[in-house]
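Residues in the sequence shown are numbered from 1 upward in steps of one, following mature numbering (1 follows the signal peptide of the UniProt record, and there is no 0). Even glycine gets a Cβ: it sits at the ideal position worked out from N, Cα and C.
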Amino acid sequence: FSFGFYAATCPAAELMVRSTVRSASSVDPTVPGKLLRLLFHDCFVEGCDGSVLVEGNGTERSDPANRSLGGFEVIDSAKRTLEIFCPGTVSCADIVVLAARDAVEFTGGPSVEVPTGRRDGKISAASNVRPNIVDTSFSVDQMMNLFSSKGLSADDLVILSGAHTIGSAHCSAFSDRFRRNPNGKLTLIDASLDGAYADELMRRCPAGAASSATVENDPATAFVFDNQYYRNILSHKGLFQSDSVLISDGRTRAQVESFAKDQIGFFENWAQSFLKLSSVGVKSGDEGEIRLSCSTNNV
Ligand code: HEM
Ligand SMILES: [Ca+2]
Ligand SMILES: [Ca+2]
1 FSFGFYAATC PAAELMVRST VRSASSVDPT VPGKLLRLLF HDCFVEGCDG
51 SVLVEGNGTE RSDPANRSLG GFEVIDSAKR TLEIFCPGTV SCADIVVLAA
101 RDAVEFTGGP SVEVPTGRRD GKISAASNVR PNIVDTSFSV DQMMNLFSSK
151 GLSADDLVIL SGAHTIGSAH CSAFSDRFRR NPNGKLTLID ASLDGAYADE
201 LMRRCPAGAA SSATVENDPA TAFVFDNQYY RNILSHKGLF QSDSVLISDG
251 RTRAQVESFA KDQIGFFENW AQSFLKLSSV GVKSGDEGEI RLSCSTNNV
């Protein structure tokens with residue numbers, strides 16, 4: 001597990017992932033957000049080992065908490081290219097990390113050099129998902145505990161939550177923060193939410209909205225990786241409860257305020273925290289395997 005792990009065995013590996021991510025993102029601007037979230041959900045369950053990619057009954061990917069993940073076809077497509085030029089060499093776990101790294105860069109975020117050489121895990125169990133993934137209802141304490149179990153700090157929590165500067169969410173992820181009264185008016189259940197913003201969210205997620213309806217995480221600059229997320233939460237327009245609570249806790253509020261004013265500082269910190277996230281529970285050496293297809297374990 002090191003920088004340039006494929007320099008001898010597949011020198012163009014990072015370039016091939018990059019060009020796959022670039023072309024997929026130019027066709028579909030929702031791709032970067034999906035790829036970035038995929039990394040989070042991979043690394044928090046069994047480490048960054050591609051376990052989230054495996055298809056089938058009872059796998060992580062089949063768990064309801066992972067139903068709204070996307071970007072799998074981009075990973076598969078990069079893997080297909082890599083299998084042509086460097087068969088059996090580049091892990092799916094690395095492709096997930098490289099794709100997330102590129103997604104951030106292509107949307108205007110910092111470029112981060114990442115070590116490679118992660119091996120693909122052989123275990124992917126739906127029952128591992130819920131205990132390891134943060135729910136939007138979590139308190140700052142609960143989030144800090146889960147992050148700390150992955151070797152990540154309270155600062156990492158604030159910094160990595162900045163990922164919500166791109167991408168989108170299904171109505172069900174935040175609809176419990178307000179309620180529509182019979183007269184059509186809104187009652188705030190989560191009083192920390194800006195009323196006008198909640199009205200807008202209710203309009204975008206009307207009763208009987210398709211379950212596929214989505215809202216942008218950061219409506220101001222939805223497709224730009226910037227520090228707008230922190231300004232949103234300071235103005236009580238964090239989309240998830242788990243975003244809003246970051247300013248109600250003394251241990252996280254100062255960081256939010258500082259990143260809201262300082263994009264360069266956010267980018268520098270992002271690079272560090274991204275490296276930490278992408279190193280969680282990495283398998284190397286003779287652990288795991290190099291999958292031939294990202295959606296199935298080798299037979
Ligand atoms: C800290 C606790 C976190 C919670 C509670 C949380 C929760 C969520 C939820 C509920 C969604 C919406 C999913 C949907 O309905 O489609 C979402 C989207 C997203 N999350 Fe998080 N998240 C957290 C941290 C992170 C981290 C650490 C990252 C990456 C570093 C991340 C990246 C994203 C991205 C990019 C999206 C947009 C996905 C898309 O566009 O499809 N999140 N998150
Ligand atoms: Ca994993
Ligand atoms: Ca943004």
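{"Query": "Beta-carbon separation (whole angstroms), Phe-223 vs Pro-29, contact threshold 8 angstroms", "Result": "5 angstroms"}
{"Query": "Nonlocal neighbours in the same chain, by C-beta distance under 8 angstroms from Gln-263, ignoring five residues either side", "Result": "Asp-226, Asn-227"}
{"Query": "Inter-residue spacing [alpha-carbon to alpha-carbon] between Leu-53 and Ala-126", "Result": "12 angstroms"}
{"Query": "Residue span of the beta strand (DSSP E) that contains Ser-124, given as start and end", "Result": "Ser-124 -> no beta strand (DSSP E), and no H or E assigned at all."}
{"Query": "Endpoints, the alpha helix (DSSP H) within which Val-17 is located", "Result": "13-27"}
{"Query": "Beta-bridge pairing of Val-215 - partner residues as DSSP gives them", "Result": "Ala-169"}
{"Query": "Spatially closest choice to Val-140 from Arg-177, Gln-241, Cys-10, by CA coordinates", "Result": "Gln-241"}
{"Query": "Cα-Cα separation, Asn-297 to Leu-39", "Result": "18 angstroms"}
{"Query": "Spatial neighbours of Leu-82 in its chain, beta-carbon cut-off 8 angstroms, leaving aside the 5 residues before and after", "Result": "Cys-10, Ala-13, Met-16, Val-17, Thr-89, Val-90, Ile-95"}
{"Query": "Contact belief for Ser-168 with Glu-216 at Cβ below 8 angstroms, rounded distance in angstroms", "Result": "5 angstroms"}
{"Query": "Which listed residue (Lys-122, Gly-117, His-41, Gly-58) has its alpha carbon closest to that of Asp-135", "Result": "His-41"}
{"Query": "beta-carbon Val-104 near ligand 3 non-hydrogen atom, thresh 7 angstroms", "Result": "no"}
{"Query": "First through last residue of the beta strand (DSSP E) which encompasses Thr-187", "Result": "186-188"}
{"Query": "Assumed close pair Val-74, Val-97 - CB separation to whole angstroms, cut-off 8 angstroms", "Result": "The Cβ separation is near 13 angstroms, so there is no contact."}
{"Query": "Limits of the unbroken beta strand (DSSP E) element including Arg-231", "Result": "Segment 228-234 is the alpha helix (DSSP H) holding Arg-231; no beta strand (DSSP E) there."}
{"Query": "beta-carbon Asp-49 near ligand 2 non-hydrogen atom, thresh 7 angstroms", "Result": "yes"}
{"Query": "Distance CB(Asp-249)-CB(Asn-232) smaller than 8 angstroms", "Result": "no"}
{"Query": "Identity of the residue in Thr-214, Gln-142, Arg-179, Tyr-6 nearest Lys-34 by Cα", "Result": "Thr-214"}
{"Query": "Nearest-angstrom Cα separation, counted from Met-144 out to Asn-151", "Result": "Per the sequence shown, residue 151 should be read as Gly rather than Asn. Roughly 10 angstroms between the two C-alpha positions."}
{"Query": "Run of the beta strand (DSSP E) containing Arg-203, from where it starts to where it stops", "Result": "Counting along the chain, Arg-203 falls outside any beta strand (DSSP E), though it belongs to the alpha helix (DSSP H) covering 195-204."}
{"Query": "Range of the contiguous alpha helix (DSSP H) that encloses Arg-180", "Result": "Not the alpha helix (DSSP H): Arg-180 falls in the beta strand (DSSP E), residues 178-180."}
{"Query": "Inter-stretch contact at 8 angstroms, needing at least 3 Cβ pairs: the segment 253-272 / the segment 283-296", "Result": "no"}
{"Query": "Opposing strand residues paired with Thr-116 [DSSP bridges]", "Result": "Ser-2"}
{"Query": "Contact test: Asp-42 Cβ vs ligand 2 heavy atom, cutoff 7 angstroms", "Result": "yes"}
{"Query": "Ser-175 - DSSP class collapsed to helix/strand/coil", "Result": "helix"}
{"Query": "Gly-121 beta carbon near ligand 2 (any heavy atom closer than 7 angstroms)", "Result": "yes"}
{"Query": "Beta-bridge partners of Thr-296, as assigned by DSSP", "Result": "Ser-293"}
{"Query": "Limits of the unbroken alpha helix (DSSP H) element including Lys-261", "Result": "250-261"}
{"Query": "Terminal residues of the alpha helix (DSSP H) in which Thr-81 lies", "Result": "72-85"}
{"Query": "C-beta atoms of Thr-159 and Pro-32 nearer than 8 angstroms", "Result": "Residue 159 is actually Ile in this sequence, not Thr. For Ile-159 and Pro-32, no; Cβs fall outside 8 angstroms."}
{"Query": "N-terminal and C-terminal residue of the alpha helix (DSSP H) that Phe-147 is part of", "Result": "140-149"}
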